[in-house]
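To start, the structure itself, in structure tokens.
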Amino acid sequence: MKRVDASRREFLRISSLLSVLGPAGAPFALNLAAVGAAAAQSADDYRALVCLFFFGGNDSHNMVLATDPDSWAEYQRLRATPPDPIALPAPGAAGGVLPIVPNTPQSGRSFALHPNLGPLQALFEAGRAAVVANVGPLIAPLTRTQYDRGTVPRPANLFSHNDQQSTWQAYGPEGARFGWGGRMGDLLAGRNAASTFTCMSVSGNAVWLAGRSTLQYPIGPNGGIAIAGLSGSLFGSSSAPSVLRSIVTADRAHPMEKEWGRITARSIGAQAALNAAMLPATSLEAVPQVPGTTQANGLAAQLQTVARVIGGRGALGARRQIFFVGLGGFDTHDVQRVNQGNLMTRIGQALDYFDRLLSSSAVNALNDVTLFTASDFGRTLTSNGDGTDHGWGAHHFVAGGAVRGKDIYGRYPVIGVNTADDVGQGRLLPAISVDQYAATLARWFGLDAGQLADVFPNLGNFAQADLGFMR
Amino acid sequence: MTTLSQRAVRAVQLVLLSAALAACGGGGGSGSDGTALKEPPTLPPAEQPSEKDTVRFLAQAGFGAPTAAIERTRRIGFEAWLAEQFALPQSRHQPYVDAQIEAAAAAGQSTNQHNWVYESFWRTAIEGNDQLRHRVAFALSQIFVVSLVDDNVGGYARGVASYFDMLGRDAFGNFRVLLEDVALHPMMGLYLSHLRNQKEDPARGRVPDENFAREVMQLFTIGLRELNPDGTPRLGAHNEPIETYTNEDVTGLAKVFTGWSWAGPDKSDTRFFGGNPHPDRAVLPMQSYPRFHSTSEKRFLGISISAQGSADPEASLRAALDRLVAHPNVGPFIGRQLIQRLVTSNPSPAYVARVAAAFADNGAGVRGDMKAVIRAVLLDPEARRPAPEAGDGKLREPVLRMAHWLRTFNGRSASGRFLIGNTDDPNSSLGQTPMRSPSVFNFYRPGYVPPNTGIAAAGLVAPEFQITHESSVAGYLNAMRSALTSGAGSGNPRDVQPDYGEVIALADTPAALVDRIGLLLMAGEMSAELRAQLIDAVGSVAISSSNAQSAANARLNRVRLAIFLTMASAEYLIQK
Chain A
1 MKRVDASRRE FLRISSLLSV LGPAGAPFAL NLAAVGAAAA QSADDYRALV CLFFFGGNDS
61 HNMVLATDPD SWAEYQRLRA TPPDPIALPA PGAAGGVLPI VPNTPQSGRS FALHPNLGPL
121 QALFEAGRAA VVANVGPLIA PLTRTQYDRG TVPRPANLFS HNDQQSTWQA YGPEGARFGW
181 GGRMGDLLAG RNAASTFTCM SVSGNAVWLA GRSTLQYPIG PNGGIAIAGL SGSLFGSSSA
241 PSVLRSIVTA DRAHPMEKEW GRITARSIGA QAALNAAMLP ATSLEAVPQV PGTTQANGLA
301 AQLQTVARVI GGRGALGARR QIFFVGLGGF DTHDVQRVNQ GNLMTRIGQA LDYFDRLLSS
361 SAVNALNDVT LFTASDFGRT LTSNGDGTDH GWGAHHFVAG GAVRGKDIYG RYPVIGVNTA
421 DDVGQGRLLP AISVDQYAAT LARWFGLDAG QLADVFPNLG NFAQADLGFM R
Chain B
1 MTTLSQRAVR AVQLVLLSAA LAACGGGGGS GSDGTALKEP PTLPPAEQPS EKDTVRFLAQ
61 AGFGAPTAAI ERTRRIGFEA WLAEQFALPQ SRHQPYVDAQ IEAAAAAGQS TNQHNWVYES
121 FWRTAIEGND QLRHRVAFAL SQIFVVSLVD DNVGGYARGV ASYFDMLGRD AFGNFRVLLE
181 DVALHPMMGL YLSHLRNQKE DPARGRVPDE NFAREVMQLF TIGLRELNPD GTPRLGAHNE
241 PIETYTNEDV TGLAKVFTGW SWAGPDKSDT RFFGGNPHPD RAVLPMQSYP RFHSTSEKRF
301 LGISISAQGS ADPEASLRAA LDRLVAHPNV GPFIGRQLIQ RLVTSNPSPA YVARVAAAFA
361 DNGAGVRGDM KAVIRAVLLD PEARRPAPEA GDGKLREPVL RMAHWLRTFN GRSASGRFLI
421 GNTDDPNSSL GQTPMRSPSV FNFYRPGYVP PNTGIAAAGL VAPEFQITHE SSVAGYLNAM
481 RSALTSGAGS GNPRDVQPDY GEVIALADTP AALVDRIGLL LMAGEMSAEL RAQLIDAVGS
541 VAISSSNAQS AANARLNRVR LAIFLTMASA EYLIQK
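Quick mapping for you: the protein sequence lines, in order, are chains A and B.
Each residue of the first sequence is one higher than the one before, counting from 1 in the working numbering.
Each residue of the second sequence is one higher than the one before, counting from 1 in the working numbering.
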């Protein structure tokens, strides 16, 4: 009870900051009825989704592997090609892949993770991470024959980076306007005291977070950035600061000018409230350095920012939040062995760190936050000598205390070329659509059946709307 | 209306001017280096563009202009200015980087410092005479993207300087040459991984790397969808867009880009794979290594390069690049993007068609004449229109805002090196650095539509809004205020400082000062409301009547405030 009272006091203090805003209007206005409702609800009624996007198309053939003899032999045959083989060493070998044992058997096959994903292997075995196998954008289920003959509709511009990033996030090639994260925000922002703090990105603009009414709020490492010169003295004038405020938030007729003013007004309005509510960085474990370097792990730093905002959820009056973080460099056309290895190291360390932050007493949200990975596409199984080319279906992770971990969801594909799962050079024909993957997360997040059908219009084309990886 | 003889005289004068400029290696511009300017013929006053039009033009064709350059350009007119710009020698970046390498080596410091590339970029933008070439090269660097963010390219600052020089050299040449120079530059070979790309090996299942083959079509020549000459999509029988290429085309074209690798005195296997590095390999075009070139039939975009008895990489390359450049998409695809970089985000289809027509035929039967395309972009009535229509314009790129201020106000470098470095951080800096795009897709996409906005509702695109958000607007305003307070670049005091000599005299009369700033930065398009706000704000900075130093500071503050409030306004930020 005490905690609820304290957070409500803090929440009311923050909301007084929110009320001092420029002419941006509706997105910032506090819904006072919701304030009361928010306070009345249980402090435990909080959920957050975190999308971790791998920009460039991650080679998931090397991230989640099948190690049974037939699969492994074919994997080695196709990937141990010179001059810089991309095939990973066997389990038990020096630098070998790390075995995982899923709860649900898959035809007697065995599985492993990339050698540099040790911390993620531990999370998997502890039941707080799971694999979803062979996910990709689909309009309807598709067989190899249907693909070859073009008899069933399929997403446009497969294998094109920008279009597939857009398709994963917003159901259409570059230019698609609404992302499914933003659409979830539209439906559930009413549970938050201020819709501003519903959809937040720590990695720039992301169409995934764009909703019909919900606007995404990109933030920096320490939250919002304060604009200097809005108060006090500006170039020797004590009245110029208010002129500056008026100018930068001006509501102009020209659509581009108007948008600039809107973004700046929002920036000013949200920054003070968010930064007061976020946990200070010093209250959490420091961002780790990448093993073997003195560099801070940039992905871990993004996740620390997310954890700090989550830790301030009481003060923000937030019940449902959606976050976007990203990591680049996955387009491993060459030097894959080294480059993907470095990325896997960072991912394993960062996800483990995030797990600890969520478990900490300051944040205390381990069972309320689910992280899931996404990427433009998977890659070819064949090698070009030291790397791979653009693919389609890929394996992904979901992680968090609410995940039914230590399992692989979906049928792990056959390893090889010219199989029923292959659309050329070992590019995977997805067995699970992004709709099914996303709808499973969205259902846990709080969407009902009608809302799921609205946000995921093709969901009904697939047999299984809930893949079952959430508790 | 000039008579034929007057035009003939002027034409001869322009030719003589061009020859003289080429010979003496300078001329034009603000004369900040102190050399005497060789004046081309002054137009009759009735034919001279207005001051406002000239400011608008120079903000599209270059990085902005100080008063002297504005007045000079007015006198000679835009045609003569363009002719002069086409003839000016190129400011190259590699010699600067080479000089820094030598100094660094002597001092025992790293000989691969990325900052040298940025410093040379800023120096040319701020004080270089070949403004048009540099502006076009910057635009081309956002289409034919290569980036120091990449781990491989990042090892070669000298190579990237050379790559940018290549874009500048070919900016006024032929597109076919530009495309080949891009394809064979080792920095592009590293960036899109076709350097040391090997032919297929069916026995081992190895296939050629497809990266460059895909992007050379998607980003550098024809795009994803078939276009009409006016840039609108060609539609199929059911009103669906028509894809320009399939995955099979990518696989076929990928074979062409096999067997190319580092330059050197031989074609040994060792050199192909990166050993025995030639000291200039980062700046010399890649050479062919027939042993690694695919000789099987190469089918793509409706053509077939027959199987080769003995590998002939040059023949394969020639056939592929010829086929790409011949595609009708290239004119509208590239033309529209050049309009977006220089003039406006949403050109009318008719404007695109006129630029595409110039690409298709420069008037003398030549396809791909870049000078003709640039003239078409800049001299089109839609670009020169004095009263833009609703929705016209584009959000100025962050780099161009900073360059605009420094060029307009005669930015000078104490060190001579223009020590402005990495400006990537959107939270505290510009969120953009030349030659540091986050990916081959540039800082922003040509078709970007900010979701859930009036821009989207109006059916407009706004590429530069892709990097504009709640954090980056604050980062820009803070960076601009800081630069106006203390200057730009590194050092204490900061290395690059403006010279407000000609406007400081107006500081005692706020209205005159605001009007002059409004002309220099906004071509006189400032609204009455913004003007009134600025005059009030500027006037509120008290000028002491008793203390000369304090009064001088106050005048300087008035100038800085007028500039800051202007450059903070959406009216300025949206260039029209």
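Ideal placement from N, C-alpha and C gives every residue a C-beta, glycine not left out.
### Query
Mind checking if A/V414 is an interface residue toward chain B, Cβ cutoff 8 Å exclusive?
no
#### Entry: Of the listed residues A/A365, A/W260, A/F397, A/Q216, nearest to A/F323 (C-alpha basis)
A/Q216
### Query
Counting Cβ pairs closer than 8 Å, one from the region 453 to 468 of chain A and one from the region 422 to 441 of chain A, do we hit at least three?
yes
### Query
Whose Cβ in chain A lies nearer than 8 Å to the Cβ of B/Q533?
V243, S246, I247
#### Entry: Reduced DSSP category for A/T370 - H, G, I as helix; E, B as strand; rest coil
strand
### Query
Nearest CA to the CA of B/H93: which residue from B/I76, B/A104, B/V283?
B/V283
### Query
If we ignore side chains and look at the alpha-carbon of each, how far apart do B/P290 and A/G393 end up?
36 Å
### Query
Just the Cα atoms here: how many angstroms apart are A/G179 and A/T167?
9 Å
### Query
For a contact meaning CB atoms closer than 9 Å, what does B/T468 contact in chain A?
N205, E259, W260, I263
### Task
Inspect the beta-carbon positions of A/A301 and A/P218 and report whether they are closer than 8 Å.
no
### Query
My guess is that A/F330 and A/G127 are in contact by the Cβ rule of under 8 Å, so how many angstroms apart are they, rounded?
At roughly 27 Å, the Cβ-Cβ gap does not stay under 8 Å, so A/F330 and A/G127 are not in contact.
### Query
If A/A420 and A/R144 are in contact, beta carbons under 8 Å, what's the gap, nearest whole angstrom?
5 Å
#### Entry: Cα-Cα separation between A/A465 and A/Y353, rounded to whole angstroms
31 Å
### Query
Is the Cβ of A/N275 closer than 8 Å to any Cβ of chain B?
no
### Among A/T67, A/L120, A/I86, A/L98, nearest to A/I347 - alpha-carbon criterion
A/L120
### Query
Going by Cα to Cα distance, which pick from A/V335, A/L123, A/N275 is closest to A/D355?
A/L123
### Query
For chain B, is any of its Cβ atoms less than 8 Å away from the one on A/T198?
no
### Message
Counting only Cβ-Cβ distances shorter than 9 Å, please list the residues of the region 435 to 456 of chain B near chain A, keeping chain order.
### Response
P438, S439, V440, F441, R445, G447, Y448, V449, P450, P451, N452, T453, G454, I455, A456
### Query
Considering only C-alpha positions, which residue in the set A/R443, A/G391, A/T382 is nearest to A/G416?
A/T382
#### Entry: Run of the alpha helix (DSSP H) containing A/H396, from where it starts to where it stops
Segment 394 to 399 is the beta strand (DSSP E) holding A/H396; no alpha helix (DSSP H) there.
### Task
Give the residues from the region 165 to 187 of chain A that approach chain B closer than 7 Å (Cβ to any Cβ), ordered along the chain.
E174, G175, R177, F178
### Task
Please compile the residues from chain B whose C-beta is within a distance smaller than 7 Å of the C-beta of A/T145.
What A/T145 touches in chain B: nothing, since even the nearest Cβ is about 17 Å away.
### Task
Could you pull out every unbroken alpha helix (DSSP H) segment of at least 4 residues lying fully inside the region 450 to 480 of chain B, listed in chain order?
454 to 457
### Query
Around the Cβ of B/N492, are there at least 16 other Cβ atoms within 10 angstroms (buried) or fewer (exposed)?
exposed
#### Entry: Assigned secondary structure, B/H327 (DSSP; H/G/I helix, E/B strand, else coil)
coil
### Task
Check whether the Cβ atoms of A/P141 and A/F462 lie closer than 8 Å to each other.
yes
### Query
When we look at the beta-carbon of A/L32 and count the other beta-carbons within 10 Å, is it buried (16 or more) or exposed?
Residue confidence for A/L32 is low, a pLDDT of 34 falling below 50, so the modelled location carries little weight and cannot support an answer.
### Query
What residues in its chain sit with their C-beta under 6 Å from that of B/L324, if we drop five residues either side in the sequence?
T221
### Message
When you compare the CB positions of B/M526 and B/G539, do they come within less than 8 Å of one another, or not?
### Response
no
### Task
To the nearest angstrom, report how far apart A/S203 and B/A311 are at their CA atoms.
46 Å
### Task
Go through its chain and collect everything with a Cβ distance to B/V207's Cβ below 6 Å, but skip five positions before and after it.
E200
### Query
Are the C-beta atoms of A/H61 and some chain B residue less than 8 Å apart?
no
### Query
Taking three-plus beta-carbon pairs below 8 Å as touching, is the region 472 to 491 of chain B in contact with the region 412 to 428 of chain B?
yes
### Task
With 7 Å as the limit, tell me which residues of the region 392 to 407 of chain B have their beta carbon closer than that to any beta carbon of chain E; keep them in chain order.
Chain labels in this structure do not include chain E; the protein chains are A and B.
### Query
Which residues in the same chain as A/A277 place their Cβ atom closer than 6 Å to its Cβ, once the five residues preceding and following it in sequence are excluded?
I14, G312, A315, L316
#### Entry: Selected residue, minimal CA-CA separation from A/V434, among A/A170, A/R320, A/H254
A/A170
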